[in-house]
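One structure below.
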Amino acid sequence: MESMLLESLFDLNVPGSDIRLTRCGYTGEDGYEISIPPKIAIPIAEILVQHSSVKPIGLAARDTLRLEAGLCLYGNDISEAINPVEASLSWLIHKQRRLGRQPKFPGFSIISSQLKNQSEVKQKRIGMISQSGPPARHGAKIFDESKKVEIGTVTSGCLSPTLNKNIAMAYLKSDYCQLDQQLFIQIREKFYPYTVTKMPFVPNKYARRPSK
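Just so we're aligned, residue 1 is where the sequence shown starts under UniProt numbering, counting upward by one.
In structure tokens form, the structure reads like this:
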């Protein structure tokens, strides 16, 4: 397992079934995902938790790690209504696809134009952080410094145990996305200061490919 590279996969056989091991995960930690038939899911889980270094966790813990790593949750942070430029995921578009290699992907004309002219991008996905108050949750409204002009919406938010600070992922109007800009998030009719920051909030620990 230790010799596997990030995003590599390995097929193996356990008594009665074939399984697939992939070095990847939905957190910022170095990890593995195991694809297995449902009939052996419980036996495999029971074997894993017998190891002294393995502990089961819940969905909330996984989602906290996901947010600390700045990873998107489909349906919250990304959807069919949001394009890669708005989602700050332009790096996922291959250079040749940007240049219009056939067949062109759906939405090419709009996305290509936005890549060339950032002024056409009306909103962007950004990170926000706060040292006080309650964590912002999905749907919380974001306001400018005057607390009067609504400029965005939180898509994911939680208290980061690693940083001991509140973190949030949000979409803001492009004019308000400058790093270190202080804005306000409305939570239960009160306003709390948040600062625009880089993501990931916590540096990842992915397995690195050996340098050549």
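Each residue gets a CB set at the ideal place from its N, CA and C atoms; glycine is no exception. All of these numbers come straight from a predicted model, not from anything done at the bench.
Residue i versus the options, residue with shortest Cα-Cα distance
i, options, result
"GLU120", "PRO43, HIS51, SER174 and LEU65", "SER174"
"ILE126", "VAL49, ILE36 and THR153", "THR153"
"ARG66", "THR27, ILE185 and GLN118", "THR27"
"VAL202", "LYS55, VAL49 and THR64", "THR64"
"GLN182", "PRO43, PHE10 and GLU145", "GLU145"
"LYS198", "PRO135, GLN186, SER88 and PRO134", "SER88"
"ALA69", "PRO106, PHE191, VAL196 and ALA168", "ALA168"
Per-residue burial, residue i [other beta carbons within 10 Å of its own, 16 or more giving buried]
i, result
"GLN114", "buried"
"ASN166", "buried"
"LYS60", "It should be pointed out that residue 60 corresponds to Ala in this sequence rather than to Lys. Exposed is the call here."
"GLN123", "buried"
"TYR74", "exposed"
"VAL14", "exposed"
"MET1", "exposed"
"ARG188", "exposed"
Backbone CA spacing between residue i and residue j [nearest angstrom]
i, j, result
"GLU7", "LEU71", "16 Å"
"ARG98", "TYR206", "28 Å"
"GLU46", "ASN76", "32 Å"
"PRO135", "TYR176", "21 Å"
"PHE184", "ASN164", "19 Å"
"SER79", "PRO106", "14 Å"
Run of the beta strand (DSSP E) containing residue i, from where it starts to where it stops
i, result
"GLU193", "One point to set straight first is that residue 193 is Pro, not Glu, in the sequence displayed. Residues 190-197."
"LEU159", "150-160"
"ASP11", "9-14"
Rounded distance between the beta-carbons of residue j and residue i, thought under 8 Å
i, j, result
"PRO200", "SER130", "Actually they do not touch by this definition, with Cβ atoms about 17 Å apart."
"SER109", "HIS138", "Not confirmed; about 31 Å, so no contact."
"LEU172", "ILE151", "6 Å"
"ARG20", "SER35", "4 Å"
Distance cut-off 7 Å: residue i Cβ against heavy atoms of the ligand COA
i, result
"PHE143", "Of ligands this structure carries none, so the ligand COA is not represented either."
Host alpha helix (DSSP H) of residue i (start-end)
i, result
"THR22", "Run containing THR22: none in the alpha helix (DSSP H); it sits in the beta strand (DSSP E), 17-22."
"PHE108", "108-116"
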